[in-house]
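**Q** Numbering (the numbering used here), first residue to last: 4 to 129. For every residue, glycine included, the Cβ atom is placed at its ideal position computed from N, Cα and C.
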């Protein structure tokens, strides 16, 4: 616990380490499985932000005189730590989603065939 931070990734790790997916309802598992959609959106947004920052740095370095100078010294390290934290959150969200999907698949394949594919009779087909 001492090497964990109480940031988003640390909290996700803390709770998922203590959560038994087998105890969750099907609706709760479905909710968690949708975390991958949010993670994909977060990853695409982060990619756009990092690309924009890279463009600013490249432009700044290509000039004789300092340009904007926004990312100097400690600012660069801080930015990279922030990006690393965001990537970890995305990875943990994907892992949660994958684990929930795996549990859902396990449940679906362990049900008797009669429960998996129930035919609903109607007056039209009777």
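Let me know the secondary structure DSSP gives residue 23 once reduced to three states.
**A** Reduced to three states, the DSSP call for residue 23 is coil.
**Q** Count the other C-beta atoms from every protein chain shown that fall within 10 angstroms of the C-beta of residue 100, then say buried if there are 16 or more, exposed otherwise.
**A** buried
**Q** DSSP three-state call for residue 78: helix, strand or coil?
**A** In the three-state scheme derived from DSSP, where H, G and I count as helix and E and B as strand, residue 78 is classed as helix.
**Q** For residue 48, count the other beta carbons within 10 Å of its own beta carbon; 16 or more makes it buried, fewer makes it exposed. Which is it?
**A** exposed
**Q** Throw me the rounded Cβ distance for the residue 32 and residue 107 pair, which I believe falls under 8 Å.
**A** 5 Å
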